[in-house]
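Numbering (this note's numbering), first residue to last: -1 to 223.
Scroll down for the structure; my scribbles are underneath it.
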Ligand SMILES: [Zn+2]
């Protein structure tokens, strides 16, 4: 058994993945609606704080940074720290494959503070936005959207704008300046584990950006999916 402290401070005890979890992670239907990860985390979480029988709902209750941190640790204890990425250059005139090695132990972890709700005054309109953090339930709602976009990801964290419930319209009508400031503020108070990978193509220098968890090599090293 492996014990870690989540970015929120809660202790988590994990056991390594088996063939059961591999089956879950290759089930396209479960992957699409995000259920695969929740099920895998539930199967492999032996203890969450004082809770020694965590349910899927307990896994969904976790903040997104905790969830991703747990997934990275699960990958480390099951498959090791090294992830060998093969990243195709996005430049259509190049398309070169770049081989990048990442050690998961080097991923930066930012702990959450005790605050769960935040207040921010938009610089343009002077309106006050209250927003929260992303958790598994909100991730699930985002995954269920037909066309998730930058607005839905922001909207799902907003509790109130000037003490009124937010709507798609209120976000669409928000100035670009206010949206940008709000997005930055949301990122600033966020915590968790940094899984962003950014390299320059060896062939043409184009910047390649990805996230570890979206690469096949993260959970299926040596397999081309
Ligand atoms: Zn290139």
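Cβ coordinates follow ideal geometry from the N, Cα and C atoms, glycine included.
At the C-beta level, residue 187 and residue 208 stay beyond 7 Å of one another. Nearest C-alpha to residue 23 among 10, 41, 110, 125: 41. Exclusion of the five residues before and after residue 96 leaves 85, 87, 197, 199, 200, 206 as the residues of its chain whose Cβ lies within less than 7 Å of its Cβ. Per DSSP, residue 175 is one residue of the alpha helix (DSSP H) stretching across 174 to 187. For residue 86, the three-state secondary structure derived from DSSP is strand. In the three-state scheme derived from DSSP, where H, G and I count as helix and E and B as strand, residue 149 is classed as helix. Of the candidates 160, 21, 48, 21 places its Cα closest to the Cα of residue 37. Assignment of residue 144 by DSSP, reduced to helix, strand and coil, places it in the coil class. In terms of Cβ geometry, residue 8 and residue 47 form a close pair [threshold 7 Å]. Going by DSSP, residue 43 is part of the beta strand (DSSP E) stretching over 43 to 46. Around the beta carbon of residue -1, a 10 Å sphere encloses fewer than 16 other beta carbons of the protein chains shown; the residue is thus reported as exposed. Residue environment analysis places residue 174 among the exposed positions, since fewer than 16 neighbouring C-beta atoms fall within 10 angstroms of its C-beta. With 16 or more other Cβ atoms inside 10 Å of its own Cβ, residue 74 counts as buried. When DSSP states are grouped into helix, strand and coil, residue 95 belongs to the strand group. In the three-state DSSP reduction, residue 24 falls in the helix class (H, G or I). The alpha-carbon of residue 120 is positioned some 24 Å away from that of residue 133. Residue 54 places its beta carbon 7 Å or farther from that of residue 191. Excluding its 5 nearest sequence neighbours in each direction, residue 135 has C-beta neighbours in its own chain below 8 Å: 58, 59, listed in chain order.
About 6 Å separates the Cβ atoms of residue 123 and residue 176, confirming a contact at the 8 Å cut-off.
Taking the CA atoms as reference points, residue 56 sits about 13 Å from residue 35. In this structure, residue 141 sits near residue 31, with a CB-CB distance shorter than 7 Å. Relative to ligand 1, residue 1 has its C-beta separated by 6 Å or more from all heavy atoms.
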